């Protein structure tokens, strides 16, 4: 978080969620302290506090899950926003009308920014584009500028990530306010353990995603991650084809045994002995391809491992989050039932 | 005069009888007749072929109706057939003024059609009437092939439209229209073939130039024989302003045409007399040019390695990226976690499940990657190459591919300097039922409609199409490129990046203070 704060990233202190989440958490702490700081106590006079912090923590967890839902919705193409596509002809009419407005604003009409924005919004409504586009009106030295931008109705994912990060931190505080860290029961134990793991892995994730990209960029020497993958596949295919052509031609059949053939088909890197055998017998073209393949393949694997270091935390965070949500539901059901 | 409702033959006869088209080559007249016939219905493409738009059509207008707005990325050349069209210019000291009124037989839009410049004025109908609209590809063919046509267009351009075109140049924007008109009387239209030299290094600056179409480069040769490209100038760029504020100014390099180039040349002496009377113009020119001169001096004379443009910058900006480009899709590597959600989102938006962007791109220094994604260029090489009406431009200048009209000839791929266009197999929904069948979510009662209707986006494309001139070509595939998710309420890759690492930027902004706000002029943006 510190790095996020320092860099002013989307999930840094500039996010409104940072302030709201901390206000909620601070309120919970303040209220708890006012009640004698008996966090997690089940005394009769603590019930309201217990339930309130519990429900707010649950709401925070549900809100955290929305980030995952939002991401999945767009990756899979089943967000309702996909239904809002405007035909191109209609889009062009809107663009032209907004251009006309901009001209008017710079001409005799001399519209203020506010008036121009009102007119622009009306244009969007008239053309049925208000769910697809929004307008930004700026005052520039050349006059008013009207720009049509995508509506971004449910918000950019980076904003959702900011909400996810800060409400996650707030959730950690609320969980403590609610449970006091008590592990007297099995449910309490598992809730606390899972919460700690989820929130802890999340914090690790924030740190990795803040510093990791710069570190990963420095790991990329001649090839980027994407280039290394593309070239790895390319040279694997070319080597396979060249080796096959050689094996099918004269003199190559004996040098390519079943093991080497399997390795080539699978696109794996050759072992030292396999490479030695190939270099000893293969024609120049196959040798050169084999060497290039080894170099590029090794580089791809190195970069893949480096990338894995900044993404592996999700293997802990995501499944445990699902487990925690399920356990919270069970916990709520248990509290309501008993 | 001709009515848009008149019988097609009468319209055709009236159009071909216009002064602009009289006496032209038969090929040109036949081509115009064919395209007009397509739009009027006297010529038809076969029923099983995509009904591509005609490149010439008659458009009716009503009183006050805007045919084109000033600033629109228009690509149509219009000839008034009936009624009148008023041309109004917005901006400047007056705010809004009438430029002129076009009567039947007169025309407008040739500057946009030739140089891809946004419309110079708003043209709206006075009373009802009709215009003949010719799409820029057809117009440029006529302009290039027929000398008589070219001469007539140039004559009117010089008399009526050059003044507007000059006002679009940053340098001359503050001049009053009367002064600009005086200047244009001395203008000369210059045409160069590829590799022709316009002027040599160290020649005295005697003329100011405005590029109408084409491109040329300015090359500086060092004492040791090495050379460096200082700038590219393309359509709507201007150069030579520095001589207005510098005594005895000379050209820092030789200007060589990269393609066929059409230029407007204005004597500097005339420009000086007019500009001196306008203090604001001189101040703006002076500030602009002093900054450029300092930068240029540093590049040529000091040659300090850390100050001269790096190899990457020249390669990216001049050779690869900024030559003709618009805004680039850029990834900030210090934020990118390589999650690939941008590419996956692009896949989700398109029915054929092929991404329109590639993260391979071009690495700019250590911090940024310019993605392989359409720049929506100011001067689209792809559109200039397409002969099937498959590439068009929105008023905001976005380049859109008409999927159904594409025959896969791949000429656009040749025309694109950035390699952002791909040729893929035509999308056949019948062969990919899983891709568009109703998602199980759409089957949920009541709520299912929130997730789409599950209808396929496109039908099976036909296998042949007729191009201009009637020649049949087989469909070899379909070209695709980034379409900015046109029509959707988001730009998928930008919208779904969790760390806001990806976004659109002008390429020159990637190089910080070295280029700064004056880089546009240095690297080809005088207008």
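Protein chains in written order, with the numbering used here: chain A, 290 to 627; chain B, 8 to 534.
Cβ atoms here follow ideal geometry from the backbone N, Cα and C, with glycine treated the same way.
As the structure is a prediction and not an experimental result, all values here were calculated from the model.
Sequence-distant residues of the same chain with beta carbon closer than 7 Å to residue i, five excluded per side
i                      : result
residue 518 of chain A : 589
residue 606 of chain A : 487, 490, 491 and 494
residue 149 of chain B : 35 and 156
residue 446 of chain A : 359 and 360
residue 373 of chain A : 420 and 421
Per DSSP, the bridge partner or partners of residue i
i                      : result
residue 375 of chain B : B:339 and B:371
residue 632 of chain A : Residue 632 of chain A falls outside the range modelled here, since chain A spans only 290 to 627, and no answer is possible.
residue 87 of chain B  : B:138
residue 270 of chain B : B:197 and B:218
residue 335 of chain A : Paired residue(s): none; residue 335 of chain A is not in a bridge.
residue 223 of chain B : B:240 and B:264
residue 485 of chain B : B:431
residue 206 of chain B : B:262
residue 93 of chain B  : B:108 and B:131
residue 428 of chain A : A:433
residue 510 of chain B : B:337
Under 9 Å from the C-beta of residue i: neighbouring residues of chain B
i                      : result
residue 514 of chain A : 345 and 366
residue 439 of chain A : 491, 492, 495, 496, 497, 498, 501 and 502
residue 600 of chain A : 344, 345 and 346
Amino acids of chain B, ordered along the chain, whose beta-carbon sits closer than 7 Å to that of residue i
i                      : result
residue 384 of chain A : 401, 402 and 403
residue 374 of chain A : 494 and 495
residue 310 of chain A : Under the 7 Å cutoff, chain B gives no residues; its nearest Cβ is about 18 Å from residue 310 of chain A.
residue 416 of chain A : Under the 7 Å cutoff, chain B gives no residues; its nearest Cβ is about 12 Å from residue 416 of chain A.
Own chain residues within Cβ distance below 6 Å of residue i, not counting five before or after
i                      : result
residue 260 of chain B : 208, 225, 226, 227 and 237
residue 343 of chain B : 508
residue 576 of chain A : 568
residue 311 of chain B : With a pLDDT of 41 at residue 311 of chain B, under the threshold of 50, the modelled position of that residue is not reliable, and no figure is offered here.
residue 585 of chain A : 520, 521 and 524
residue 321 of chain B : Here residue 321 of chain B scores only 46 on pLDDT, less than 50, and its place in the model should not be relied on; the value that follows carries that caveat. Around residue 321 of chain B: no qualifying Cβ.
residue 235 of chain B : 227
residue 368 of chain B : 376, 377, 378 and 379
residue 304 of chain A : 451
Top-ranked residue by Cα proximity to residue i, from the options
i                      : options                       : result
residue 86 of chain B  : B:67, B:418 and B:359         : B:67
residue 130 of chain B : B:70, B:173 and B:377         : B:70
residue 499 of chain A : B:386, B:160, B:506 and B:41  : B:506
residue 572 of chain A : A:553, A:592, A:546 and A:531 : A:531
residue 277 of chain B : B:192, B:369 and B:63         : B:192
residue 370 of chain A : A:440, A:552, A:538 and A:308 : A:440
residue 135 of chain B : B:113, B:143 and B:72         : B:72
residue 469 of chain A : A:627, A:329 and A:393        : A:329
residue 127 of chain B : B:168, B:159, B:491 and B:121 : B:168
residue 503 of chain B : B:414, B:412, B:351 and B:231 : B:351
residue 247 of chain B : B:18, B:363, B:21 and B:212   : B:212
residue 515 of chain A : B:340, B:490 and B:271        : B:340
residue 623 of chain A : A:475, A:482, A:597 and A:417 : A:475
residue 381 of chain B : B:427, B:389, B:409 and B:413 : B:427
residue 352 of chain A : A:614, A:333 and A:553        : A:614
residue 345 of chain B : A:505, A:587 and A:306        : A:505
residue 388 of chain B : B:376, B:424, B:364 and B:366 : B:424
residue 462 of chain A : A:599, A:346 and A:612        : A:346
Contact set between residue i and chain A, taken where Cβ atoms lie within less than 8 Å
i                      : result
residue 93 of chain B  : Chain A residues near residue 93 of chain B: none, gap ~14 Å exceeds 8 Å.
residue 341 of chain B : 502, 503 and 506
residue 387 of chain B : In chain order: nothing, as chain A lies at least about 16 Å away.
residue 5 of chain B   : Because chain B in this structure spans residues 8 to 534, residue 5 of chain B falls outside the shown range and cannot be described.
Cβ-based neighbour list, residue i, same chain, cut-off 8 Å, excluding 5 preceding and 5 following
i                      : result
residue 391 of chain B : 144, 147 and 422
residue 407 of chain B : 398, 399, 400, 401, 490 and 493
residue 609 of chain A : 483, 486, 487 and 490
Contact set between residue i and chain B, taken where Cβ atoms lie within less than 8 Å
i                      : result
residue 421 of chain A : 494, 495 and 496
residue 432 of chain A : 98
Closer than 7 Å: residue i CB and nearest the ligand NAP heavy atom
i                      : result
residue 473 of chain A : The model on display carries no ligand, and the ligand NAP is accordingly not part of it.
Interface residues of chain A facing residue i [CB-CB closer than 7 Å]
i                     : result
residue 79 of chain B : 385 and 388
residue 76 of chain B : 385, 388, 389 and 392
Contacts of residue i in chain A (Cβ-Cβ under 9 Å)
i                      : result
residue 206 of chain B : Under the 9 Å cutoff, chain A gives no residues; its nearest Cβ is about 32 Å from residue 206 of chain B.
### Task
Determine, using beta-carbon pairs with one atom in the stretch 251-271 of chain B and one in the stretch 184-202 of chain B, whether at least three such pairs fall under 8 Å.
The stretch 251-271 of chain B makes contact with the stretch 184-202 of chain B; the number of CB pairs closer than 8 Å reaches 3 or more.
### Message
When you compare the stretch 77-94 of chain B with the stretch 41-49 of chain B, are there three or more beta-carbon pairs, one atom per stretch, that lie closer than 8 Å?
### Response
Fewer than three Cβ pairs drawn from the stretch 77-94 of chain B and the stretch 41-49 of chain B lie within less than 8 Å of each other, which leaves the two stretches out of contact.
### Task
Please confirm if the stretch 87-101 of chain B is in contact with the stretch 149-158 of chain B, defined as three or more CB-CB distances below 8 Å between the two stretches.
The stretch 87-101 of chain B makes no contact with the stretch 149-158 of chain B; the number of CB pairs closer than 8 Å stays below 3.
#### Entry: Segment contact flag, the stretch 450-460 of chain A with the stretch 382-398 of chain A, C-beta cutoff 8 Å, min 3 pairs
Contact between the stretch 450-460 of chain A and the stretch 382-398 of chain A is absent: fewer than three C-beta pairs spanning the two stretches fall below 8 Å.
### Task
Assess, as a yes-or-no matter, whether the stretch 426-445 of chain A is touched by the stretch 492-499 of chain B under the definition of 3 or more beta carbon pairs within less than 8 Å.
Taking a cut-off of 8 Å on C-beta distances, the stretch 492-499 of chain B touches the stretch 426-445 of chain A, as three or more cross pairs fall below it.
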